[in-house]
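Take 1 as the starting number for the sequence shown in the UniProt record's numbering and just add one per residue. Everything on this sheet refers to the single structure shown next.
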Amino acid sequence: MKELEFFATDWPTLKNGLLVAGVALGVFLLFVFFARKSKTFLRVRLIKRMDDDLLANFLAGIASALVILAGLLIVLRIIGLSGVVSGLLAGAGISAFIIGFALKDIGENFLAGIILAFKRPFRVGDLVDIIGMRGQVLTLNLRDTQIKTADGKDVFIPNGVILKNPLTNFTIDGFLRYDFIIGLDYGSDYQGAVELIQSSIILVPGVLQGVKSPNVWVVDLAESTLNIQVTFWVDTFERSISDAVVKSNAIIKVLTVLEKAGYNMPAKIIELKNHQGKSLKTS
């Protein structure tokens with residue numbers, strides 16, 4: 001009897017509730033699907049128009065989030081919580097203050113992300129250093145920026161931190177300078193060594209010539225060597241060979257030609273003087 005009463009009185013209500021819940025769930029999933037598709041579509045269109053992957057990804061992400069938010073508001077109305085939606089919209093001023101205070105860091109990172117997206121201090125693929133963390137920029141998200149370090153770590157840095165701290169971009173114009181020092185024995189043919197290094201380093205693949213050609217000069221009179229500094233530029237947009245490999249090849253090339261030419265590159269020399277004339281014991 002109770003089962004019959006349930007089907008007679010409560011079942012229509014339950015059935016209607018399940019139907020409404022199903023419709024609401026379907027609408028929300030539809031909005032999620034549309035948000036993903038619109039993000040992909042907008043990203044492709046924006047990249048073609050502005051030729052900036054970073055800004056295109058960021059704007060597409062904002063559009064996707066707005067679509068999902070609109071879907072959530074519609075779902076609330078479908079399930080009968082239109083009063084909640086109206087209340088939220090009516091009390092937007094007070095709610096914005098309370099929510100903004102509670103989610104201050106999230107809002108700060110979001111606004112910082114917008115500023116970074118339009119100011120564009122870096123692009124996808126740039127090599128940057130942020131508060132001591134150096135890596136290649138992968139993407140700019142609504143809350144953080146993802147970089148990959150040289151040892152393969154993925155670091156997510158809050159956008160607010162990036163905006164408030166100095167940022168070093170090593171590749172914004174596509175050129176990066178490297179240098180190293182060679183110590184020659186005193187009494188060597190210094191001018192000949194400089195000319196030999198200058199003529200050999202330009203043969204290293206990846207070392208730029210022309211306006212940014214290598215420079216070689218004497219920089220220091222050290223304790224046991226005369227130091228020669230070698231500087232050269234590389235094109236960071238050239239992906240066929242890495243900067244580290246170019247520098248390694250340049251050092252090997254210079255050392256090889258100097259050794260073949262008979263130049264001596266001594267280690268640090270320590271001179272011991274025995275003023276008292278006594279023999280020194282060694283063990």
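In this text, a Cβ means the ideal position worked out from N, Cα and C, and glycines have one as well.
Cβ shell of residue i (< 7 Å), same chain only, five flanking positions each side left out
{"i": "residue 261", "result": "196"}
{"i": "residue 254", "result": "182, 197, 200, 201 and 230"}
{"i": "residue 266", "result": "185, 224 and 225"}
{"i": "residue 214", "result": "198, 201, 202, 207, 230, 231 and 232"}
Residue burial classification, residue i (beta-carbon count within 10 angstroms, cutoff 16)
{"i": "residue 113", "result": "buried"}
{"i": "residue 168", "result": "exposed"}
{"i": "residue 247", "result": "buried"}
{"i": "residue 145", "result": "buried"}
{"i": "residue 44", "result": "exposed"}
{"i": "residue 252", "result": "exposed"}
{"i": "residue 122", "result": "buried"}
{"i": "residue 258", "result": "buried"}
{"i": "residue 264", "result": "exposed"}
{"i": "residue 150", "result": "exposed"}
{"i": "residue 66", "result": "exposed"}
{"i": "residue 140", "result": "buried"}
{"i": "residue 216", "result": "buried"}
{"i": "residue 232", "result": "buried"}
{"i": "residue 117", "result": "buried"}
{"i": "residue 204", "result": "buried"}
{"i": "residue 61", "result": "buried"}
Separation of residue j from residue i, as counted between CA atoms
{"i": "residue 132", "j": "residue 143", "result": "20 Å"}
{"i": "residue 68", "j": "residue 115", "result": "23 Å"}
{"i": "residue 41", "j": "residue 245", "result": "39 Å"}
{"i": "residue 235", "j": "residue 210", "result": "13 Å"}
{"i": "residue 29", "j": "residue 63", "result": "17 Å"}
{"i": "residue 6", "j": "residue 59", "result": "Annotation note: pLDDT 48 at residue 6 (below 50); position unreliable, coordinate value reported separately. Whole-angstrom Cα-Cα distance: 52 Å."}
{"i": "residue 26", "j": "residue 242", "result": "50 Å"}
{"i": "residue 175", "j": "residue 124", "result": "16 Å"}
{"i": "residue 22", "j": "residue 34", "result": "18 Å"}
{"i": "residue 107", "j": "residue 119", "result": "18 Å"}
{"i": "residue 73", "j": "residue 111", "result": "23 Å"}
{"i": "residue 173", "j": "residue 250", "result": "22 Å"}
{"i": "residue 220", "j": "residue 212", "result": "23 Å"}
Delimiting residues of the beta strand (DSSP E) encompassing residue i
{"i": "residue 145", "result": "144 to 148"}
{"i": "residue 231", "result": "225 to 235"}
{"i": "residue 178", "result": "175 to 185"}
{"i": "residue 208", "result": "Per DSSP, residue 208 belongs to no beta strand (DSSP E) and is neither H nor E."}
{"i": "residue 219", "result": "215 to 221"}
{"i": "residue 167", "result": "167 to 169"}
{"i": "residue 128", "result": "127 to 130"}
{"i": "residue 134", "result": "133 to 140"}
Contacts around residue i, its chain only, beta-carbon distance under 6 Å, and the 5 residues preceding and following it disregarded
{"i": "residue 127", "result": "136, 170 and 171"}
{"i": "residue 130", "result": "157, 162 and 167"}
{"i": "residue 134", "result": "none"}
Neighbourhood of residue i by C-beta, 8 Å cutoff - its chain only, sequence neighbours within 5 removed
{"i": "residue 32", "result": "68 and 71"}
{"i": "residue 190", "result": "184, 218, 226 and 228"}
{"i": "residue 238", "result": "206"}
Endpoints, alpha helix (DSSP H) assigned at residue i
{"i": "residue 243", "result": "243 to 260"}
{"i": "residue 192", "result": "190 to 201"}
{"i": "residue 161", "result": "159 to 164"}
Problem set entry | Inter-stretch contact at 8 Å, needing at least 3 Cβ pairs: the stretch 146 to 166 / the stretch 186 to 195 | Contact between the stretch 146 to 166 and the stretch 186 to 195 is absent, with fewer than three C-beta pairs closer than 8 Å.
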